[in-house]
Amino acid sequence: MLIALLFAGLPAFAQVLPEDRFDLLYHSYDGDDVEITGPSILFRKKATQDISLYANYYIDKISSASIDVRSYASKYSERREEITVGGDILVDETILSAGFVDSDEDDFDAQTAYFGVKQEIFGGLTTINMGYSRGWDDVYEMAGGIAEYQGDVDRHAYRVGLSQIMTKNLIINFDYEARTDEGFLRNPYRKYRYELGGGFDWAKEKYPDTRTSSAFAVGGRYFIEDHKDSVVYGNARYYDDTWGINAFDITAGYTLSIVDQWLLDFSYRYYDQSKADFYSDLFASIDAQNFMSRNKELSTFSNHTIRGSVSYDLNASAYDLFSRGTINFDLSYIYFDYDDFRNVPAGGATGQEPLFDFGAVVGQVYLSFWF
Amino acid sequence: MSKLINTLLISGLFFTSACSNIEPWVKPYERDNLADEVMKFDRNPVSNAYMNRVYEAREGARGASGGSGAGCGCN
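Residue numbers (the working numbering), protein chains in the order written: chain A, 1 to 371; chain B, 1001 to 1075.
Below is the structure:
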């Protein structure tokens, strides 16, 4: 009702459904003795003039001997499959979106349903969109080849976004997203470390059963008129949650066309966060407090990403089947630097081991076709 | 949480109602550059979705990374 009221009385303008396209991507992540590879396939097609449907199939093949595994477990392999189906419907100059995601692993099942609404106002200068998603997860722990049920998670996410044309060369975006999770929120395998008799031992983590977060982002893209197909862009995001984590990240990038059919993109991203209230690398005792985590994603750390990509236009219209096609190569290097997470396998006096850091290489190769 | 969302929506209602007579200062015929493929926030949706997964799996922060999209909230 409120969404309908929000758009009532505003001069609405013609919306356009997303283009028909087909994407075939192969991804690879390699860092901290973790290798993840797999394909992602997207197919989007208009069913009628007012309805666009899409489906995405995504796989992660994981082989992991990460710092946690090296500290107290043994190397493992697993596979995750995810299927997304959804659609966009043009109704009275408004685009309504809905979809469903199903994700399966041996020890984790997740379903997410989402709904969104989008409309241009003020002569097409402003685009407002809102979204809501609801998720249901089931968490298991593999023990002797059998998946033992641990608990479920109930997820809600609310989004509001605004895209604003500022000048004939500049567009800016504002995004806000609030999420709440409730249920079994820890990883059943991960352990915290506590002092014991001059040394240390491990015990299963203890987490709160609720988490609420909010994130606000602002971004912009500026078209450089003096150079064909050149854009500078940037994005900044601030985040906090009820676990005590505060984070921000900034991204700056440049897209340029060097010669016909070739498009280059370079970007840099910096991310920084403070630790959760219940995180510690080493607790004083096994029952030092009610919640205890040694999850390095909840520690104090920063990372830097350098990313470059090349896109080549295949002139696919020559093949009749497609109106346009590109082949793309995308490579990133991410360096993670932890302030209070120690490299236990490296050895040393308890609590005095060297701080952990690592670099990861992320590669993508993909074909995109429009028809 | 629902109070927060309602407050945001009602604030947006007053804001948009007050400004509904604004004339577009960038005319439709001046938007060639804005319509260029390279100006799209989500030019490569599959690639962007993948990078968001990479970050979300390894960082504490989550959300507001979709480039003003109202779509999938996939984890």
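Glycine included, every Cβ here is placed at the ideal spot set by N, Cα and C.
inquiry  = Tell me the rounded alpha-carbon separation between VAL34(A) and GLU141(A).
reply    = 20 angstroms
query = Which of helix, strand or coil does DSSP assign to ASP20(A)?
reply = coil
ask   = Out of curiosity, what's the CA-to-CA distance linking ASP137(A) and TRP370(A)?
value = 35 angstroms
query = So TYR26(A) packs on VAL365(A), CB below 8 angstroms; how close in whole Å?
reply = 5 angstroms
message = According to DSSP, is MET130(A) part of a helix, a strand, or is it coil?
response = strand
ask   = Three-state secondary structure (DSSP) at GLU141(A)?
value = strand
query = If we count the other Cβ atoms within 10 Å of its Cβ and call it buried at 16 or more, is ILE258(A) buried or exposed?
reply = exposed
query = Are the C-beta of ALA1070(B) and some C-beta of chain A separated by less than 8 angstroms?
reply = Summary for ALA1070(B): the model assigns pLDDT 30, below 50, so the residue's position carries little reliability; its value from the coordinates is reported in the next sentence. Chain A contact via Cβ: present.
key: Nearest residue (CA-CA) to THR255(A), options GLU1037(B), TYR1055(B), TRP1025(B)   = GLU1037(B)
query = Pick from ARG79(A), GLU120(A), GLY135(A), PRO18(A): whose alpha carbon is nearest that of GLN49(A)?
reply = PRO18(A)
request  = Spatial neighbours of SER213(A) within its chain, please: CB distance less than 6 angstroms, with the 5 preceding and 5 following residues excluded, ordered by chain position.
outcome  = ARG179, ASP241
request  = Measure the C-alpha to C-alpha separation of ILE422(A) and ASN1048(B) and round it to an integer number of angstroms.
outcome  = Nothing can be reported for residue 422(A), as the shown portion of chain A is limited to 1 through 371.
query = From GLN261(A) to LEU314(A), what distance separates their C-alpha atoms?
reply = 7 angstroms
Proximal residues of chain B, C-beta to C-beta of LEU25(A) below 8 angstroms = VAL1046, SER1047, TYR1050
query = Is any heavy atom of the ligand FAD found at a distance shorter than 7 angstroms from the C-beta of LYS191(A)?
reply = The ligand FAD is not part of the structure shown, which contains no ligands of any sort.
ask   = In chain order, what residues of the segment 109 to 123 of chain A put their CB closer than 8 angstroms to some CB of chain B?
value = ALA110, THR112, TYR114, GLY116, VAL117, LYS118, ILE121, PHE122, GLY123
CB of ILE95(A) within 8 angstroms of CB of ASP104(A), strictly = no
ask   = From ASN1075(B) to GLY219(A), what distance separates their C-alpha atoms?
value = Bear in mind that the predicted position of ASN1075(B) carries a pLDDT of just 28, short of 50, making it too unreliable to give a figure here.
message = Just to confirm my understanding: we take ALA55(A), look at its own chain, exclude 5 residues before and 5 after, and list those with CB closer than 6 angstroms. What are they?
response = PHE43, VAL85
query = For the segment 139 to 178 of chain A, which segments carrying the beta strand (DSSP E) assignment without a break, of at least 3 residues, lie completely within its bounds, in sequence order?
reply = 146 to 165
ask   = Any beta-carbon of chain B closer than 8 angstroms to the one on ARG125(A)?
value = Before going further, note that residue 125(A) is Leu rather than Arg in the sequence given. Cβ-Cβ to chain B under 8 angstroms: yes for LEU125(A).
inquiry  = Quick check on the burial criterion: 16 or more other C-beta atoms within 10 angstroms. Buried or exposed for LYS204(A)?
reply    = exposed
request  = Output the boundary residues of the alpha helix (DSSP H) element that contains VAL344(A).
outcome  = Per DSSP, VAL344(A) belongs to no alpha helix (DSSP H) and is neither H nor E.
query = Given a threshold of 16 other Cβ atoms within 10 Å of its Cβ, counted over all protein chains shown, does PHE329(A) qualify as buried or as exposed?
reply = exposed
key: Secondary structure of ILE3(A), DSSP reduced to three states   = Any answer about ILE3(A) is weak, because its pLDDT of 47 lies below 50 and its placement is not dependable; what the coordinates show is given next. Three-state result, ILE3(A): helix.
ask   = Can you give the Cα-Cα distance for ALA65(A) and TYR149(A), rounded to whole angstroms?
value = 24 angstroms
key: CA nearest to the CA of GLY183(A), picked from PHE216(A), SER133(A), TYR114(A), ARG155(A)   = ARG155(A)
inquiry  = For a contact defined as C-beta to C-beta under 8 angstroms, what are the partners of THR167(A) on chain B?
reply    = VAL1026
ask   = Which one of ALA247(A), TYR76(A), ALA346(A), SER71(A) has the shortest CA to CA distance from GLY145(A)?
value = TYR76(A)
key: Neighbourhood of SER285(A) by C-beta, 7 angstroms cutoff - its chain only, sequence neighbours within 5 removed   = TYR194, GLU195
query = Using the rule of at least 16 other Cβ atoms within 10 Å of the residue's Cβ for burial, across every protein chain shown, is LEU321(A) buried or exposed?
reply = exposed
ask   = Under three-state DSSP, which class holds VAL85(A)?
value = strand
ask   = Quick one: does ALA252(A) have its CB under 8 angstroms from some CB of chain D?
value = Considering every chain present, this structure includes no chain D. Its protein chains are A and B.
query = For the alpha helix (DSSP H) that PRO1045(B) lies in, which residues bound it at each end?
reply = 1045 to 1058
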